[in-house]
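Going down the list, the sequences are from chains A and B. In terms of the working numbering, the first sequence has 294 at position 294, counting the first letter as 1, and numbering is strictly consecutive. In terms of the working numbering, the second sequence has 52 at position 52, counting the first letter as 1, and numbering is strictly consecutive. Just so you know, even glycine gets a beta-carbon here, dropped at the ideal spot from N, CA and C.
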Amino acid sequence: MFGWEFPPKIYGGLAVASYGITKGLSLQGDVQTTFCMPRPTGEEENFLKIINMSQVPIAWREPNYDNLCSRLVGHSADDYYRFRNHIYADFNYMQGLDDLGCMGFAGGYPGNLHDEINNFSIIAGVLARSEEFDLIHAHDWLTYPAGVHAKMVSGKPLCIHVHATDFDRSRGKVNPTVYSIEKNGMDHADCIMCVSELTRQTVIHQYHQDPRKCVAMHNAVYPLSEEIRSIVPNKKPDEKVVTFLGRITMQKGPEYFIEAAKRVLDRSRNIRFCFAGSGDMMQAMIELAATYGIADRCHFPGFQRGRQVYECYKNSDVFVMPSVSEPFGIAPLEAMQCGCPSIISKQSGCGEILTNVIKVDYWDIDAMADAIYSICTHDALYKYLSEEGLKEVDQITWEKVGLRIRSCYDQLVGRGWFDVNDYRP
Amino acid sequence: MKTICMYFEIHMPNHLKRYRFFDIGTDHYYYDDYENERATVEVAERSFIPSLQAMLEMARTYGKDFKVALSISGVALELIEQYATSVLDLLQQLNETGCVEFLAEPYSHGLASLGSTESFVDEVKRQSKRMKQLFGKTPKVIRNSSLIYNDEIGATVAEMGFKGIMVEGAKHILGWKSPHYVYSCAHDNRLALLLRDYKLSDDISLRFSNTSWSEYPLMADKYVGWIADMPAGEDVINIYMDLSALGLYQPLESHVLDFIKALPAEAQKRGIGFATPSEVIAANKPVGPLEMLHPVSWNDEERDTSSLLGNCMQRETFNKLYDEKIVGRILACRDRRIKQDWDRLQASDNFRFMTTKDVNAYRGIYESPYDAFTNYMNILGDFLKRVKDLFPDTVENDELNSLYTQITNLDKDLEVKTKEIARLRARLEKYEPKEEAAPAVEESPAPAPAPAKKAPAKRAAAKVAEPEEAPAKKTAGKKATSAKKAPAAKKKPAE
């Protein structure tokens with residue numbers, strides 16, 4: 001499996017999803033996962049094998065054994081030597097090789113991302129020659145070239161996981177380089193797992209893929225830890241809090257949230273609006289709130305992490321995700337886990353598997369305001385959504401996702417191709 | 001002899017329009033006229049008109065051998081009067097054949113029977129009055145909205161003088177008992193219970209055109225055969241459904257009407273007759289009381305009220321709507337728009353749209369139960385505010401009622417006086433034909449009957465020619481006990 005992020009180092013939703021999928025698969029017992037990522041921290045859970053792409057040799061060096069052992073993070077020295085035996089071309093000309101003959105990765109999303117993607121793919125060639133495996137699974141476009149390369153070398157089926165497409169990120173104005181990488185990956189894939197039907201349709205129509213090899217594979221959530229469940233909400237009885245949580249960027253539709261807030265505040269002043277997150281539109285949103293004269297009721301606490309996120313959900317009466325285009329969107333599920341009713345845009349993939357949420361079009365600010373007002377004023381609705389939402393989200397588990405992915409794997413490994421018509425979740 | 005009692009319900013809801021919370025207090029019109037017209041015309045053309053025509057044809061062919069019962073909710077009647085008058089014509093024609101009995105039901109098709117007995121009684125009376133106006137007979141048998149029934153409802157309607165009520169023959173109530181007998185209400189044995197045979201009813205209304213049903217295609221001979229094969233003594237077969245089942249749930253292409261038309265002939269062959277509910281009650285003595293503690297209805301498999309009041313949103317709505325104070329005020333007030341809105345908002349469909357039992361349930365204009373709840377609560381918020389604005393919050397309902405009783409009494413007094421004045425004036429004119437009316441006035445109060453002691457002197461006589469209306473609210477507000485104020489108030493248009 002090729003991935004770019006894995007907990008505990010979390011940059012975005014990708015790490016959480018990668019963790020959930022591998023964990024779900026590992027629970028089946030007979031699936032062995034090797035997870036190849038650019039720069040592990042060494043603190044990953046050990047239910048799966050981690051290969052550190054920064055320490056896979058692509059040029060022959062003779063490092064000192066003890067030195068090697070002390071420096072390796074992720075895989076072992078034996079792995080190193082095995083990889084070294086499978087170097088398939090002379091990469092000595094490459095810039096940036098270290099004394100182990102490896103290409104370093106900065107990790108995360110640095111400026112030279114395209115170079116890193118390319119290096120990642122070169123290293124994948126070594127792995128494909130040295131490892132034994134039945135199937136290649138590549139997460140998100142950064143690892144598609146690596147997946148394609150590994151498939152070329154090994155001839156094993158390639159399954160790619162579309163966590164987002166560039167169409168979601170850019171509202172249609174795609175970056176041609178990114179698009180070409182995505183398209184190439186999809187063209188070579190035997191099975192395309194999309195995080196929602198919405199994304200699947202984008203893949204079919206914008207990337208011109210055969211619908212039969214595309215399957216919607218919805219994400220899930222992990223049950224909350226005891227520590228988080230024990231957080232006591234700090235709510236004021238006469239005041240309601242409505243929360244937006246996410247990057248304050250064009251994709252997430254924060255301006256619609258402000259518009260809805262204005263409509264609600266025109267009628268009722270005992271509601272507060274909280275913008276948790278940061279992003280390029282934050283300044284503009286603060287100005288917009290000030291222009292509408294609702295700045296006293298709108299709060300911008302900045303980027304929230306870890307426990308803060310859950311505190312934020314617990315203290316909220318309504319969670320709103322007005323995303324313009326959201327491939328999946330795990331935040332409403334987390335809010336529901338905390339018993340917070342959610343309002344999501346119909347353009348969000350998670351809406352496909354949720355019934356106990358209110359769905360509105362992201363542009364329909366009247367409906368959004370109406371829904372916010374209704375939850376804040378009618379306890380019955382709040383109670384119903386809160387209780388039923390919690391029940392519902394408890395049923396959405398990574399174990400089930402793991403089983404569904406497994407049934408796709410079985411098709412791919414069993415007969416070499418995938419057809420969604422034969423897929424029975 | 002076995003008897004088939006067929007009954008069809010005519011009802012459709014008033015669709016509410018999209019009403020945002022910022023409309024509360026500014027917009028008091030709640031209805032989606034376009035959708036109402038479209039839906040009414042559609043159901044009339046696809047279902048009501050062809051079905052009623054078929055019944056008319058049957059009535060003319062079979063004469064007394066075909067009987068049917070119908071009931072129309074008041075709100076549906078308003079829609080029909082507005083958008084589909086031809087349905088009304090057909091009902092009249094059907095009424096003239098004498099083969100049809102019209103039943104009473106709550107005017108609004110709402111849940112007042114569970115929320116407010118007072119309002120329920122009022123609604124049934126209004127509905128009965130409309131039936132009498134239109135079809136010339138006061139209904140003797142009643143059906144509640146969605147066939148909701150429990151012992152208390154039975155006692156209420158028995159008290160109102162009804163002979164019988166239609167009840168769902170729910171398995172969990174009947175147990176080993178058969179629905180094919182007449183039972184009586186456990187609280188009042190004057191009231192007969194007619195139990196719907198849900199199997200035979202649903203065979204037509206739910207399954208008729210279902211090709212994967214084991215009995216498909218259902219033919220009249222087979223159907224009547226089932227009835228004929230029932231054990232001796234099980235004589236009353238009640239087949240109740242929505243009229244829109246014929247044509248809407250079961251499309252006309254499925255020949256459901258041909259099936260219905262073939263029933264009397266098949267029944268005749270086997271010596272089975274048709275009867276109206278009243279005839280059934282007259283011909284069959286109740287075999288015993290049937291106790292029903294919890295409300296049953298004809299909804300869903302559970303046959304209870306869970307699709308109407310199953311989740312907390314529905315219960316919250318219900319509690320807000322049937323708040324004692326609110327109901328009292330609405331019943332006391334004379335604002336016709338408030339009364340009309342009250343009828344329309346009560347309709348049980350508004351509750352059904354909020355059900356979370358079935359994700360794919362029909363929800364009218366709404367997308368989800370939450371959408372239905374939000375929209376309805378916005379409208380209800382505005383409506384309740386209007387009701388509360390009618391009278392000061394401090395006035396209790398009892399007080400309000402006594403004030404209204406006073407007004408009503410004053411009205412009666414005035415009426416008596418007016419008649420008296422007119423009579424005296426006429427007599428006076430005989431005596432003094434040439435003189436003006438003015439001098440005569442001074443004499444007129446004197447011979448007036450006792451309550452007119454303080455009768456309005458001068459101006460009253462000048463106004464006698466005006467049509468008498470109820471006095472304005474003002475009289476009530478000021479607790480006017482003196483009749484003197486009445487004429488002054490008369491200038492204001494009555495509510």
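Inter-residue spacing [alpha-carbon to alpha-carbon] between residue i and residue j
{"i": "I142 of chain B", "j": "S345 of chain A", "result": "47 Å"}
{"i": "D428 of chain A", "j": "P223 of chain A", "result": "With chain A covering 1 to 425 only, the question about residue 428 of chain A has no answer from this structure."}
{"i": "N118 of chain A", "j": "G111 of chain A", "result": "14 Å"}
{"i": "K129 of chain B", "j": "G110 of chain B", "result": "18 Å"}
{"i": "A245 of chain B", "j": "I49 of chain B", "result": "13 Å"}
{"i": "S51 of chain B", "j": "L257 of chain B", "result": "7 Å"}
{"i": "F351 of chain B", "j": "A232 of chain B", "result": "41 Å"}
{"i": "I353 of chain A", "j": "L385 of chain A", "result": "15 Å"}
{"i": "A76 of chain B", "j": "T305 of chain B", "result": "22 Å"}
{"i": "Y376 of chain B", "j": "L16 of chain B", "result": "8 Å"}
{"i": "E132 of chain A", "j": "N184 of chain A", "result": "25 Å"}
{"i": "I160 of chain A", "j": "H188 of chain A", "result": "9 Å"}
Residue i (DSSP reduced to helix, strand or coil)
{"i": "L72 of chain A", "result": "coil"}
{"i": "R272 of chain A", "result": "strand"}
{"i": "Q250 of chain B", "result": "strand"}
{"i": "R190 of chain B", "result": "coil"}
{"i": "M1 of chain A", "result": "coil"}
{"i": "P63 of chain A", "result": "coil"}
{"i": "Y362 of chain A", "result": "coil"}
{"i": "G302 of chain A", "result": "strand"}
{"i": "K236 of chain A", "result": "coil"}
{"i": "A284 of chain A", "result": "helix"}
{"i": "E44 of chain A", "result": "coil"}
{"i": "M131 of chain B", "result": "helix"}
{"i": "P447 of chain B", "result": "With a pLDDT of only 49 at P447 of chain B, under 50, the local geometry of the prediction cannot be trusted, and the value read off the model is given with reservation. In this structure, P447 of chain B counts as coil in the three-state DSSP scheme."}
{"i": "M313 of chain B", "result": "helix"}
{"i": "G104 of chain A", "result": "coil"}
{"i": "T138 of chain B", "result": "coil"}
{"i": "A422 of chain B", "result": "helix"}
{"i": "K67 of chain B", "result": "coil"}
{"i": "R297 of chain A", "result": "helix"}
Residues near residue i in its chain [Cβ-Cβ closer than 6 Å; skip 5 each side]
{"i": "R263 of chain A", "result": "A369"}
{"i": "D242 of chain B", "result": "E9"}
{"i": "L198 of chain A", "result": "G349"}
{"i": "C69 of chain A", "result": "A77"}
{"i": "C21 of chain B", "result": "Note that residue 21 of chain B is Phe in the sequence shown, not Cys. Only N378 meet the Cβ criterion."}
Unbroken beta strand (DSSP E) run spanning residue i, endpoints
{"i": "N238 of chain B", "result": "236–242"}
{"i": "N375 of chain B", "result": "Here N375 of chain B belongs to no beta strand (DSSP E); instead the alpha helix (DSSP H) covers 369–390."}
{"i": "T33 of chain A", "result": "Neither: T33 of chain A is in no beta strand (DSSP E) and is coded neither H nor E."}
{"i": "K314 of chain A", "result": "Premise fails: K314 of chain A lies in the alpha helix (DSSP H), 307–314, not in any beta strand (DSSP E)."}
Cutoff 7 Å; reference residue i; Cβ partners in own chain excluding five residues on either side
{"i": "F135 of chain B", "result": "N95, F102"}
{"i": "E468 of chain B", "result": "Because the pLDDT of E468 of chain B is 45, which lies under 50, any placement of that residue in the model is unreliable, and the number read from its coordinates should be weighed accordingly. Counting only Cβ-Cβ distances below 7 Å, and skipping sequence neighbours, we find L414, E415, T418."}
{"i": "D122 of chain B", "result": "L331"}
{"i": "V280 of chain B", "result": "T3, C5, V182, L194, V236"}
{"i": "E466 of chain B", "result": "For E466 of chain B, the predicted model reports a pLDDT of 46, less than 50, meaning its position is unreliable and no value from the coordinates is stated."}
{"i": "Q558 of chain B", "result": "As displayed, chain B neither begins before 1 nor continues past 495, which places residue 558 of chain B out of reach and without an answer."}
{"i": "S26 of chain A", "result": "T33, F47, L48"}
Limits of the unbroken alpha helix (DSSP H) element including residue i
{"i": "Y80 of chain A", "result": "77–84"}
{"i": "Y168 of chain B", "result": "In the sequence as presented, Tyr is not what sits at residue 168 of chain B; that position holds Glu. Looking at the DSSP string, E168 of chain B is not in any alpha helix (DSSP H); the run it does join, the beta strand (DSSP E), is 164–168."}
{"i": "L94 of chain B", "result": "85–97"}
Beta-carbon contacts of residue i that lie in its chain and below 8 Å, excluding the five residues immediately before and after
{"i": "P8 of chain A", "result": "T41, E43, E44"}
{"i": "D32 of chain B", "result": "H15, L16, K17, R18, I365"}
Cβ contact (3+ pairs, closer than 8 Å) linking the region 372–387 of chain B and the region 111–127 of chain B: Because the criterion of three Cβ pairs below 8 Å is not met, the region 372–387 of chain B and the region 111–127 of chain B do not touch.
Examine the Cβ distances between the region 58–74 of chain B and the region 32–39 of chain B and report whether three or more of them are shorter than 8 Å. Too few Cβ pairs lie closer than 8 Å, so no.
The region 163–177 of chain A touching the region 122–134 of chain A, judged by at least three CB pairs closer than 8 Å: With the cut-off at 8 Å, the region 163–177 of chain A and the region 122–134 of chain A do not touch.
If contact is defined by three or more beta carbon pairs under 8 Å, each pair taking one atom from either stretch, is the region 275–289 of chain A in contact with the region 245–256 of chain A? Output reads yes: the region 275–289 of chain A touches the region 245–256 of chain A.
Does the region 39–58 of chain A touch the region 87–99 of chain A, meaning 3 or more C-beta pairs lie closer than 8 Å? Result yes; three or more Cβ-Cβ pairs closer than 8 Å.
Say whether the region 164–173 of chain B touches the region 295–304 of chain B, bearing in mind that this needs 3 or more beta-carbon pairs closer than 8 Å, one atom from each stretch. Yes, the region 164–173 of chain B is in contact with the region 295–304 of chain B.
Contact between the region 352–370 of chain B and the region 307–314 of chain B: three or more CB pairs below 8 Å? Taking 8 Å as the limit for Cβ pairs, the verdict is that the region 307–314 of chain B does touch the region 352–370 of chain B.
With a cut-off of 8 Å, do at least 3 Cβ pairs link the region 199–213 of chain B to the region 154–167 of chain B? Judged by Cβ distances under 8 Å, the region 199–213 of chain B makes no contact with the region 154–167 of chain B, as fewer than three pairs qualify.
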